[in-house]
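Engineer:
There are 4 protein chains.
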Amino acid sequence: MNHHDTGAADPASADALAEQTAEAMFRRDAASHLLGLRVIAVRPGYARVAMVVGAEMANSHRICHGGILFTLADSAFAYACNSYNKNTVASACQIDFLAPAQIGERLEAECEERSLTGRTGVYDTTIRDASGKVIALFRGKSYRVTGEVIAALEADGSA
Amino acid sequence: MNHHDTGAADPASADALAEQTAEAMFRRDAASHLLGLRVIAVRPGYARVAMVVGAEMANSHRICHGGILFTLADSAFAYACNSYNKNTVASACQIDFLAPAQIGERLEAECEERSLTGRTGVYDTTIRDASGKVIALFRGKSYRVTGEVIAALEADGSA
Amino acid sequence: MNHHDTGAADPASADALAEQTAEAMFRRDAASHLLGLRVIAVRPGYARVAMVVGAEMANSHRICHGGILFTLADSAFAYACNSYNKNTVASACQIDFLAPAQIGERLEAECEERSLTGRTGVYDTTIRDASGKVIALFRGKSYRVTGEVIAALEADGSA
Amino acid sequence: MNHHDTGAADPASADALAEQTAEAMFRRDAASHLLGLRVIAVRPGYARVAMVVGAEMANSHRICHGGILFTLADSAFAYACNSYNKNTVASACQIDFLAPAQIGERLEAECEERSLTGRTGVYDTTIRDASGKVIALFRGKSYRVTGEVIAALEADGSA
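Each protein sequence line maps, in turn, to chains A, B, C and D.
Just so it is clear: in the first sequence, position 28 is 27 by numbering that gives the first Met the number 0, and no numbers are missing.
Just so it is clear: in the second sequence, position 99 is 98 by numbering that gives the first Met the number 0, and no numbers are missing.
Just so it is clear: in the third sequence, position 80 is 79 by numbering that gives the first Met the number 0, and no numbers are missing.
Just so it is clear: in the fourth sequence, position 144 is 143 by numbering that gives the first Met the number 0, and no numbers are missing.
#1: Do we get a CB-CB distance below 8 Å when we pair Ala164 of chain C with the residues of chain A?
#2: What does a CB cutoff of less than 8 Å around Leu152 of chain C pick up in its chain, not counting 5 residues either side in sequence?
#3: Looking only at C-alpha atoms, which of D:Leu36, D:Ala72, D:Cys110 and D:Asn86 sits nearest to Gly146 of chain D?
#4: With DSSP as the reference, label Glu104 of chain D as helix, strand or coil.
#5: Check the Cβ-Cβ distances between Ala108 of chain D and every residue of chain A, and say whether any is below 8 Å.
#6: Considering only the alpha carbon of each residue, which of B:Ile39, B:Ala40, B:Thr70 and B:Val41 lies closest to Val52 of chain B?
#7: Give the DSSP bridge partners of Ser114 of chain A, in chain order.
#8: In angstroms with no decimal places, state the Cα-to-Cα distance between Leu33 of chain A and Val41 of chain C.
#9: Taking just the CA atoms, how far does Met50 of chain B sit from Leu136 of chain B?
#10: Starting from the C-beta of Cys110 of chain D, find all residues in its chain whose C-beta is less than 6 Å away, skip the five residues before and the five after it, and write them out in chain order.
#11: Identify, in the order they occur along the chain, each residue of the same chain with its Cβ nearer than 7 Å to the Cβ of Ala57 of chain D, setting aside the five sequence neighbours on each side.
#12: Excluding the 5 residues preceding and the 5 following Leu36 of chain C in the sequence, name in chain order all residues of the same chain whose CB lies nearer than 6 Å to its CB.
#13: Quick one, which residues of the stretch 121 to 141 of chain B are near chain D if we go by CB-CB under 7 Å, in chain order?
#14: Just confirm the distance between the C-beta atoms of Ala98 of chain D and Lys140 of chain D, as a whole number of angstroms; I'd bet it's less than 8 Å.
#15: Could you tell me which of B:Glu107, B:Ala29, B:Asn84 and B:Gly44 sits nearest to Gly66 of chain A, measuring between CA atoms?
#16: Tell me whether Ala21 of chain B is buried or exposed, calling it buried when 16 or more other Cβ atoms sit within 10 Å of its Cβ.
#17: From the beta carbon of Ala98 of chain B, is the nearest beta carbon of chain C less than 8 Å away?
#18: Residues in its own chain within less than 6 Å of Ala129 of chain A by CB, not counting five upstream and five downstream?
#19: So the alpha helix (DSSP H) Cys80 of chain C belongs to, where does it begin and stop?
#20: Between Thr70 of chain D and chain A, is any beta-carbon pair separated by less than 8 Å?
#21: How far does the beta strand (DSSP E) with Arg138 of chain A in it reach, from first residue to last?
#22: Round the Cβ separation of Arg118 of chain C and Arg143 of chain C to the nearest angstrom and send it over; I've been treating them as touching at under 8 Å.
#23: On the criterion of 16 or more Cβ atoms from any shown chain inside 10 Å, does Glu10 of chain C qualify as buried, or is it exposed?
#24: Tell me the rounded alpha-carbon separation between Asn84 of chain C and Glu55 of chain B.
#25: Using CA coordinates, which residue listed in C:Ala100, C:Arg127 and C:Glu107 is at the minimum distance from Arg61 of chain C?
#26: Which residue wins for smallest C-alpha separation from Glu18 of chain C, given the options C:Asp95, C:Ser90, C:Cys92 and C:Asn81?
#27: Output, in chain order, the set of chain A residues within a Cβ distance shorter than 9 Å of Thr116 of chain D.
#28: Taking the alpha-carbon positions, what's the Leu115 of chain B to Pro43 of chain B distance?
#29: Measure from the C-beta of Arg143 of chain A to each C-beta in chain D and report whether the shortest distance is under 8 Å.
#30: Compute the Euclidean distance between the alpha carbons of Val148 of chain D and Ala13 of chain D, then round it to the nearest angstrom.
#31: Determine the burial state of Ile126 of chain A: buried for a count of at least 16 other Cβ atoms within 10 Å of its Cβ, exposed for fewer.
#32: Return yes when the Cβ of Ile94 of chain C is within less than 8 Å of the Cβ of Ala108 of chain C, no when it is not.
#33: Establish whether the CB of Ser59 of chain B and some CB of chain A are separated by less than 8 Å.
Structural data, given as structure tokens:
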């Protein structure tokens, strides 16, 4: 993993900033709440997010809908690529579905930074089930836009 | 578009089979209901699905979560690639996010078959807003497994 | 296909500009010459490029190396996305290999623009053999950088 | 990295099998010779391949053609996914171009296995320049077909 220079004075404050950013994002992230996502860990360029597959997330084959798996992976990606408190959006994502996820299973999505150059980053998310089996591999490309995450969310909140 | 030989006696019956398959799938597709998806049209190798962006689908930037856009595109893909009544799953998908989708907007995802050889197909889905602007481009790869869609869903229902 | 407004006075001059740009690029494109590529047609947002699979392009399975197929598709993409005479580079590409290409076969790569918004475009290339069978499907994402293609190549040539 | 059970009696013999397979492949891989590729290291599920960017590999911008970078990454992927001496082909690949590679530069492509389940694998290749800068990130999906690599190449050679 390729930890980016955040300009933070020290690793501890970079970690604290990542956590504060994730908390500010999570409060406002309706889709995360819709799916019952939980942010387990976040550091600069890194995030781990958990979800239990609910019956309402199934497709017609009675397994977790691929779009829900994507949303889980994409959410871990969002927390990881915004962890420097710089507003960052996804420009493209790719997912390989390797094994089905059953209703009731607890899944974890772990996202790691592979590259960050200028405004563009590449992040890999792995979704595993409770036994450690890989359910899906996801790669996302990020683009940093203007503004800071926490300041923007607070400004929006006071409106 | 590359319409596959379905073995159906004539185009009208192939269209009818595609519609019956979509109806059987939709009844059981909990994730489609969670997001309020509507199947607008389905033909062999083709599907069009609509969704209105609800407030509960927003991310922390107050725009539609990328995972929800993916789920919409992936659902159109699922209806298109299962339209021959052969059980078919997604093996990999790729999405490019081109413009944000706002809360309250009505989106349509149109999926077309690009290739179908043996068990493997490639399908392209375009998501547009009401003005016709392209919101996202999605490409999915499908793999046909054993069994028929309608028979499998009915067997599951009677269990 | 989604032809972009090029600002050209009329379609005929947009077509002529596309052809002049392709000619200027081709003269300098060593990799195109290494593989014996031929530009068959070019228009705004569109290009068609042909190649005969040489024995030196084979992999250890005695079929055309996937990297050579990619290079063919990517070259059609380059001619299409630079056809407005604005310097444009590839930021990411994805390819699905659907059928092997044999030594001696003549292949054509046809590239069409799917979207062009601001500096970012999405282009689809299809590689077919002489019988029309699809060998590979390619999707490329482009990013426009500063400068014009013809002026830059001429400046480079006079150095 | 997720080393697959190869059925080899011990790690040393699995490593030896990977090396023998790579040697047999390399002798027959014309495209590798066309680009002057060198296999630096190979182990089960892993390969490292080097290339110097020649003037004949440039595009019209005088930097290494994206197709050549893809071919380098794809070749490392081929050696890694065939390292168990089971005939394996690429079904789809994706590449992100992060920085240009100049003529004369020595590049290394390092490929690692991310997943291997049944016949399907996912492999990540990173291309770096001599300073360690990441030039491109590549992800390939493999599919195991029938037959063994070394036996097939020897049979082909004796024909």
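Ideal Cβ placement from N, Cα and C applies to all residues, glycine included.
Since the structure is predicted, the reported quantities are computational estimates derived from the model, not experimental observations.
Structural biologist: Taking the geometry as given:
#1: Chain C is shown only over 0 to 158; residue 164 of chain C falls outside these bounds and no answer can be derived.
#2: Counting only Cβ-Cβ distances below 8 Å, and skipping sequence neighbours, we find Ala23, Met24, Arg26 and Arg27.
#3: D:Asn86
#4: coil
#5: Against chain A, the CB of Ala108 of chain D has no partner CB under 8 Å away; the residue lies outside that interface.
#6: B:Thr70
#7: A:Val121
#8: 48 Å
#9: 16 Å
#10: Ala46, Ala75, Phe76, Ala79, Tyr122 and Thr124
#11: Cys63, His64 and Ile102
#12: Answer for Leu36 of chain C: Val48, Met50 and Ser74, listed in chain order.
#13: So the close ones are Lys140.
#14: With 8 Å as the limit, Ala98 of chain D and Lys140 of chain D do not qualify as a contact, their Cβ atoms being about 25 Å apart.
#15: B:Ala29
#16: buried
#17: Yes, Ala98 of chain B counts as interfacial toward chain C.
#18: In chain order, Arg105 place their CB closer than 6 Å to the CB of Ala129 of chain A, counting only its own chain and leaving out the 5 sequence neighbours on each side.
#19: Gly65 to Cys80
#20: no
#21: Val133 to Glu147
#22: 4 Å
#23: A small fix is needed here, since residue 10 of chain C is Pro in this sequence, not Glu. The residue in question, Pro10 of chain C, is exposed, as its Cβ has fewer than 16 Cβ neighbours within 10 Å.
#24: Distance between the alpha carbons of Asn84 of chain C and Glu55 of chain B is about 44 Å.
#25: C:Ala100
#26: C:Asn81
#27: Leu97, Ala98, Lys132 and Val133
#28: 12 Å
#29: no
#30: 14 Å
#31: It counts as buried.
#32: no
#33: yes
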